[in-house]
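Participant: My questions will all concern the structure given below.
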Amino acid sequence: MSETQKRTATDPEPPRARFELEDTGFNEVPKKYRKFYRRWSGEKDELAPNEVLCPVCKVVIRSSRELREGDRVYCMPCMSRLVVGRGQGGGLEATVRY
Amino acid sequence: MADFLNAYSIQNWLESCPQAYLEDTVFGHSSDEHEPDLIMENEVLRHDAIRTTVALVVGERCALAASSGLINAAPDEGSKRFLATQTLDEARHVEVFTQRLYDLGVAKEDLESVIAQHANPNLVKFAELLLEKVDKRDFLAGVVGQNIVLEGMAFSVFEMMHVMNAAMNPKFAHTLQGTIADERRHVGFGENRIGSLVRDNPARKPEIEKMQKEMSYWMLATFSQAFRDTSAVDELERIGQERTHSNYQGADLGKLSTNEMEALLGDTVLKEFKVRLGRIGLDYQSPDRP
C-alpha cells in the first residue's frame, strides 16, 4: 500500500476525484503550464470541482484533482497566491494571500 | 516576500508574453486581419473609431509615463524589474493603438493634432492626478493610482470593448485581447505588492483614498463625455446595420442605449475598485457624480 493510499484510508474525507487536463487554448503563461488555466466566460460560466476563479485577474485556475477548502493555488497569469474557501453561494472561491 | 518578488522576472515575462500570446502577431493582431469595411467605408463610424482609439492612446501614454517613472521610486529590485516589463507593455499599447489610428487613415504627420483634437479633457485630468504622485516619487500612491485605479479601469474598459468587437472587428478584438492579458499582470502586481505596503503604512491611507476618490470622479466624467460624444450607435441604426448582441456583465450590449452602457461600465469599474481596494486594506471612497 502506498503512502497516499494509507493516508486516504485514515482520512475521514472521501478521496479526491482526478481530472485529465486538456489544452483549452489559454496562452498567457509558458507552454507547460497552459493546461492549468482557462478563460472565464462570465457569471454563467459553471466551474468544475477542480476549478476556481482568480478574483484578481478573472482567469479560471484548474487542478488535476478536485479542489477543497484550504487548498493553496497559484494564479500564474497575475502571479497571485490564493487559498480556496467556500463562498456565500456554497461554491468554491479563492481569496488572495498577500 | 522574497519568493513572491522572484516571480517578477524578465524571463517569466518573456515566456508569458512575447513567446506566448504575442507570438506571430503584428501590432497585436494577425497579419491578415484588417479594419472592417463597415468602418473604413463609413465616415461617421471611422471618425468614431478614431475618437475612441485616441482615448486609448492618451490613457496608455499616461500608463507609460507612470510605470517608467515608478521604476526608480520602487523600494526593491523585484518591483523595479516588474515595472520595467510593465513599461514595455505600456509602450507596446501606445504603439499598437497609435498604429490603429494610422490603419484608420490618420496621417503620421497629423497624429499629434488628431490626438489633441480628440483627447478627452477629463481623461487628461485623471492622468495629471496620477502623474503628480509619480513625479513626487511616491511609490505607494503611484502604484495604487496606476496598478489599481488606472489598470482596474483599463481592464474593464478593454473587456467591454473586446466583447463589443469580437464579432464585428476581429482585428481590434485580437489587439485588445493581448492588452487584457498584459493588464492581468499589472493588476496582480498592484494588489500583491501594495497589500503589505498599505499594512506597513496605515497613516498614508486617507491621502491615498482621497486620490482614489478624485481619480474615480475624473474616470466617470471621462465615460460620461465619451458615451455622450459617440455617434456609432445612431449611425448603425441609420444605415440599418444591426448591433452585435454581445454579453457584458449579464447585459446585451446590442440592446442598451449609450446612457445605459455608460452606467453599466461605470458601475462595473467602481464595484471592482471597491473589491480590489478592500482586499489591500483601503476603504473605497464613492466619487461625486459628474
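From first to last, the protein sequence lines stand for chains A and B.
According to our numbering, the first sequence is numbered sequentially starting from 1059.
According to our numbering, the second sequence is numbered sequentially starting from 747.
Glycine included, every Cβ here is placed at the ideal spot set by N, Cα and C.
Computed from a predicted structure; not experimentally measured.
#1: Answer yes if the stretch 867-881 of chain B comes into contact with the stretch 803-822 of chain B, meaning at least three C-beta pairs across the two stretches below 8 Å, and no otherwise.
#2: Name the residue from 892(B), 804(B), 988(B) and 880(B) whose alpha carbon lies nearest to the alpha carbon of residue 862(B).
#3: Under DSSP, the beta strand (DSSP E) around residue 1143(A) begins and ends at which residues?
#4: Can a CB atom of chain B be found closer than 9 Å to the CB of residue 1089(A)?
#5: Report the neighbours of residue 993(B) on chain A: residues whose CB is nearer than 8 Å to its CB, in chain order.
#6: If residue 1119(A) and residue 1133(A) are in contact, beta carbons under 8 Å, what's the gap, nearest whole angstrom?
#7: Out of 838(B), 800(B) and 913(B), which one is the CA nearest neighbour of residue 864(B)?
#8: Considering only the beta carbon of each residue, do residue 888(B) and residue 1115(A) sit closer than 9 Å?
#9: Suppose the cutoff is 7 Å on Cβ atoms and the five residues either side in sequence are ignored; what does the same chain contact list for residue 1060(A) look like?
#10: With distances taken between CB atoms, is the gap from residue 819(B) to residue 884(B) smaller than 9 Å?
#11: How close, in whole Å, do the beta carbons of residue 1026(B) and residue 944(B) come, if the pair is a contact with beta carbons under 8 Å?
#12: With respect to the beta strand (DSSP E) encompassing residue 1152(A), which residues constitute its N-terminal and C-terminal limits?
#13: Provide the residue span of the beta strand (DSSP E) that contains residue 761(B), from first to last.
#14: By the three-class DSSP mapping on this structure, what secondary structure does residue 915(B) have?
#15: Check whether chain A comes within 9 Å of residue 762(B), counting only Cβ atoms and requiring the distance to be less than that.
#16: Give every residue of the same chain whose Cβ lies closer than 6 Å to the Cβ of residue 1144(A), excluding the five residues on either side of it in the sequence, and list them in chain order.
#17: Since residue 1096(A) is in the alpha helix (DSSP H), which residue starts that stretch and which ends it?
#18: Would you say residue 1085(A) faces chain B, with C-beta separation under 9 Å as the test?
#19: Answer yes if the stretch 768-785 of chain B comes into contact with the stretch 917-924 of chain B, meaning at least three C-beta pairs across the two stretches below 8 Å, and no otherwise.
#20: Tell me whether residue 811(B) sits in a helix, a strand or coil according to DSSP, three-state version.
#21: I'd like the span of the beta strand (DSSP E) that includes residue 1130(A), first residue to last.
#22: If you count every other CB in all the chains shown that lies within 10 Å of the CB of residue 835(B), and 16 or more means buried, which is it?
#23: Could you tell me whether any Cβ in chain A is nearer than 9 Å to the Cβ of residue 754(B)?
#24: Should residue 928(B) go down as buried or exposed, given a rule of 16 or more other Cβ atoms within 10 Å for buried?
#25: May I ask you to report which of helix, strand or coil DSSP gives residue 1026(B)?
Facilitator: From the atom records:
#1: yes
#2: 804(B)
#3: 1138-1144
#4: yes
#5: 1100
#6: 6 Å
#7: 800(B)
#8: no
#9: Any answer about residue 1060(A) is weak, because its pLDDT of 43 lies below 50 and its placement is not dependable; what the coordinates show is given next. Taken in chain order, the list of residues that qualify is empty.
#10: yes
#11: 5 Å
#12: 1150-1154
#13: First-last for residue 761(B): 756-762, but that is the alpha helix (DSSP H), not the beta strand (DSSP E).
#14: coil
#15: yes
#16: 1127
#17: Element bounds for residue 1096(A): not the alpha helix (DSSP H) but the beta strand (DSSP E), 1095-1097.
#18: yes
#19: yes
#20: helix
#21: 1130-1133
#22: buried
#23: yes
#24: buried
#25: coil
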